[in-house]
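Peer 1: Those letters in the sequence shown? Residues 3 to 99, by the working numbering.
Even for Gly, the Cβ is constructed at its ideal location relative to N, Cα and C.
Computed from a prediction, not measured in an experiment: that's the story for all the values here.
Please find one structure pasted underneath; my questions will follow.
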Amino acid sequence: MSYSDGLPRFLAAVGASLKHLTLEGPMEELDPSTISQSCPNLETLSVLGYFVNIRLDLTQYHESNQPLPPVKGNWNSVSKLVADLMDPGNPIARSAL
Numbered sequence: 003m004s005y006s007d008g009l010p011r012f013l014a015a016v017g018a019s020l021k022h023l024t025l026e027g028p029m030e031e032l033d034p035s036t037i038s039q040s041c042p043n044l045e046t047l048s049v050l051g052y053f054v055n056i057r058l059d060l061t062q063y064h065e066s067n068q069p070l071p072p073v074k075g076n077w078n079s080v081s082k083l084v085a086d087l088m089d090p091g092n093p094i095a096r097s098a099l
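Here it is as structure tokens:
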């Protein structure tokens, strides 16, 4: 079973009960909507990539009764992730701590 097979299945099984989640390792194979669909009650998401570590505060979505957006970032490129963080339309930019 590969990382891309196991993690989505694990999140489908336990994701609804998670409030906090930390992921470490390659993220390029993970569908961005997997986390938002499987973990609707998530308050914080930490992503520990090869070059970048980031923590997202997702409580604003719960406070305004909005569904969590797909979490998509360029986790393996510092310059591309900086561009994501500077884009006010990107959910990562609104949630980064």
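Give the range of the alpha helix (DSSP H) segment to which Leu83 is assigned.
Peer 2: Position 81 of the sequence shown, counted from the first residue, corresponds to residue 83. Segment Val80 to Met88, the alpha helix (DSSP H) holding Leu83.
Peer 1: Starting from the C-beta of Gly75, find all residues in its chain whose C-beta is less than 6 Å away, skip the five residues before and the five after it, and write them out in chain order.
Peer 2: By one-based count along the sequence shown, residue 75 stands at place 73. Taken in chain order, the residues that qualify are Leu83, Asp86 and Ile94.
Peer 1: Span of the alpha helix (DSSP H) holding Glu65?
Peer 2: If you number the sequence shown from 1, residue 65 lands on position 63. Segment Thr61 to Glu65, the alpha helix (DSSP H) holding Glu65.
Peer 1: What is the C-beta distance between Val54 and Val80, in whole angstroms, given that I count them as a contact (C-beta under 8 Å)?
Peer 2: Locating residue 54 in the sequence shown gives position 52, where the first residue counts as 1. Locating residue 80 in the sequence shown gives position 78, where the first residue counts as 1. That pair is a contact at about 6 Å.
Peer 1: Please work out which residues of its chain come closer than 8 Å, Cβ to Cβ, to Val16, disregarding the five sequence neighbours upstream and downstream, and give them in chain order.
Peer 2: In the sequence shown, counting from the first residue as 1, residue 16 sits at position 14. So the list is empty, once near-sequence residues are dropped.
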